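Here's the structure we're looking at; comments come further down.
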């Protein structure tokens, strides 16, 4: 039986391990704390279209290809646990000023050229869909295919899937890939991957989020994922069964997962600018993680050498990227490649060197 | 051996139990979770003078009498654990506008008439003592005798003292004082005491606080306790070895210990108005508790009947009130009364009824 080491037990590592085990590999995940990294901190937005922008065609196409796989992938997760991981079906990006409203039209046009149908809403159209939003909201962009999932439910379902498929978990930190004796290795250690493959262009991008719980008397969470820009900062509100996840700050801060006072202050202020009644919610949790950032906002998915495949660098879109990453890594382990993931090959950063 | 039940294991119950055990009582504390209530949430300010106001002579005198006992009481705690519980020696109340500055002079004059010497500082005097405060601070009131203690260290030391003195702890909620078979009872269940003695005028007053941790590069915590009023709301910053405790909101919300988004938002905003660099601190904890409020901001300290002594209703000043409460309850258990605690006798609310 072919043996596979998966270094890193976030959503990427777990999902890759699960698929490989089902394909006949003897899989061992190495992670000192499975599911406790950026996957646990995430909000679970699946919104590559709403984040689209002219010039970023490759990122849009890659994200859209993964989004298209999510319904089926979500069903596989549901089959494992018996519960859906989906928390919202649509995404609504709102504009608080004229410049933002113009941007929404730009995004809609750009997505249209790539075959995705987003719809610009006026003030009344937004209010009809989400009556609790601030009266300052002047326009919206409705994306009917961009859903959101509960990232922690995804982690739990993937762990369950791995368990059932016979994946072994070793709670240890790998210091050198040469210490591993498996036939093949998938390097999926997120921002920590660079320490295991010198020169790999992945770095930690710190992000803080808040988890808020609805209290008696407070209005219900929005039905859509709500995205906005406030004082030039991106903010999003992702519904949960019992509340809202608010994200996210973004800092180049090295490996630092301390939540800052300034981060909490800004997230609350920006979220209240969009949904004024949020003050009545319970402040349940503030947490920070290190996203694995790449230089061009596409992940690093490809062969590093004959033995090692890398799957990291998903940045803010790790949850979104799970299904396509699973397919791409499965192809790579079979000696094949997945066309839709070609833009993510780490060789794009190579100047004839190691990769 | 005389037996004593102490209902409630906050700082009041623990301290009373400790003293009684040392005086020869066989003491049992009843509390489902010792030290986990308002005592754990508190900031540990000992500032009855800075909170003084003309017309509130009884509260000032009661608080001052307990403050005067704190140095010796603190030494007793230090003797138990080997570590001081003191986190600041002085309190500095600052004014951000002309009205607040006038209030500081009123407080200084009032305290002067009661024999307490507080000193009004100008802008430069404040800056010299606390250079990190906002430049908008225009005056200060320095109180050289009002210190602050680490409330959680106080809880730990009291538990240790109780252990050594042979106090028994039963992790159970008392539903009816008639269920207890001890000779005497001290009712020290904080805001929950009213449920055990119908008509007792004590109610929960919700309070939220933040615990912030200094991060590398952030300025150190202030050396004084800093108190201020921002947008009409009281805010205080109490130093800790590794950070700052920021308090506190105040709501009439029944028994509710959920931290709200609005509470966190206001505490951060008010604290940053006083100490702008606070944004760089780590947001380590947000927690809420139910203070035991009384109608007149004096506690309820006295005999309820031949068997039951009450010690609750300390409101925002439970930590401050511990030493005088211990002395008062010891006197009551001996059939005596403590003159300085006379104003706190619950009979003041009695119209010839049960008490």
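Chains as they are written, first to last, in the working numbering: chain A, 16 to 370; chain B, 16 to 370. Just so you know, even glycine gets a beta-carbon here, dropped at the ideal spot from N, CA and C. Every value quoted in this text rests on a predicted model; they were computed, and no experiment measured them.
- When the alpha-carbon of residue 293 (chain A) is set against those of A:243, A:237, A:92, A:216, the nearest one is in A:237.
- Counted as a single uninterrupted DSSP element, the alpha helix (DSSP H) harbouring residue 90 (chain A) occupies residues 72-96.
- Nearest in C-alpha terms to residue 150 (chain A), of all of A:91, A:358, A:326, A:287, is A:287.
- Rounded to whole angstroms, the Cβ separation of residue 135 (chain B) and residue 109 (chain B) is 11 Å, and the two are not in contact under 8 Å.
- For residue 218 (chain A), the pairing in a beta bridge is given by DSSP as A:308.
- In this structure, the alpha-carbon of residue 129 (chain B) lies about 14 Å from that of residue 83 (chain B).
- Below 8 Å, too few C-beta pairs join the stretch 178-186 of chain B and the stretch 219-239 of chain B to call them touching: fewer than three.
- Counting the other CB atoms within 10 Å of its CB gives residue 270 (chain A) a total below 16, which places it among the exposed residues.
- Under the criterion of beta carbons closer than 8 Å, residue 201 (chain A) and residue 31 (chain A) qualify as touching, at roughly 5 Å.
- The C-beta of residue 277 (chain A) comes closer than 8 Å to at least one C-beta of chain B.
- Here DSSP, grouped into helix, strand and coil, assigns residue 223 (chain A) to strand.
- In this structure, residue 318 (chain A) keeps its C-beta atom at 8 Å or more from the C-beta atom of residue 198 (chain A).
- Closest in C-alpha terms to residue 357 (chain B), from the list B:80, B:241, B:67, comes B:80.
- Contact with chain A is absent for residue 51 (chain B), since none of that chain's Cβ atoms lies less than 8 Å from the residue's Cβ.
- Uninterrupted beta strand (DSSP E) stretches at least 3 residues long and entirely within the stretch 262-312 of chain A occur at 297-308, given in chain order.
- Looking at B:296, B:241, B:35, the one whose alpha-carbon comes closest to that of residue 232 (chain B) is B:296.
- At a Cβ-Cβ threshold of 8 Å, residue 306 (chain A) and residue 210 (chain A) do not count as neighbours.
- In this structure, the CA atom of residue 127 (chain B) is about 39 Å from the CA atom of residue 299 (chain B).
- DSSP places residue 337 (chain A) in the helix class (H, G or I) of the three-state scheme.
- At the C-beta level, residue 50 (chain A) and residue 29 (chain A) come within 8 Å of one another.
- Chain B has a Cβ within less than 8 Å of the Cβ of residue 283 (chain A).
- Within a 10 Å sphere around the beta-carbon of residue 39 (chain A) sit fewer than 16 other beta-carbons, which makes this residue exposed.
- The beta-bridge partner set that DSSP reports for residue 152 (chain B) is empty.
- In the three-state reduction of the DSSP assignment, residue 316 (chain B) falls in the strand class.
- Under DSSP, residue 118 (chain B) takes part in no beta bridge, so it has no partner.
- According to DSSP, residue pairing for residue 157 (chain A) in a beta bridge involves A:107, A:134.
- In this structure residue 62 (chain A) is in contact with residue 161 (chain A), their Cβ atoms being roughly 5 Å apart against a cut-off of 8 Å.
- Residue burial annotation: residue 354 (chain B) is exposed, with fewer than 16 other C-beta atoms found within 10 angstroms of its C-beta.
- Contact of residue 296 (chain A) with chain B is assigned, a C-beta pair being separated by under 8 Å.
- Legend: CB atoms of the stretch 208-235 of chain B lying less than 7 Å from CB atoms of chain A belong to residues 227, 230.
- Boundaries for residue 53 (chain B): no beta strand (DSSP E) harbours it, while the alpha helix (DSSP H) harbouring it runs 53-56, taken from the DSSP string.
- Within the stretch 253-267 of chain B, no residue has its Cβ closer than 8 Å to any Cβ of chain A.
- Residue 252 (chain B): member of the beta strand (DSSP E) spanning 248-255, first to last residue.
- Here residue 279 (chain A) really is in contact with residue 283 (chain B); their C-beta atoms are around 7 Å apart, less than 8 Å.
- If you ignore the 5 residues before and after residue 37 (chain B), its C-beta comes within less than 6 Å of the C-beta of 180, all in its own chain and listed in chain order.
- Setting aside the 5 residues that flank it on each side, residue 172 (chain B) is surrounded in the same chain by 92, 95, 96, 100, each with a C-beta closer than 7 Å to its C-beta; the list follows chain order.
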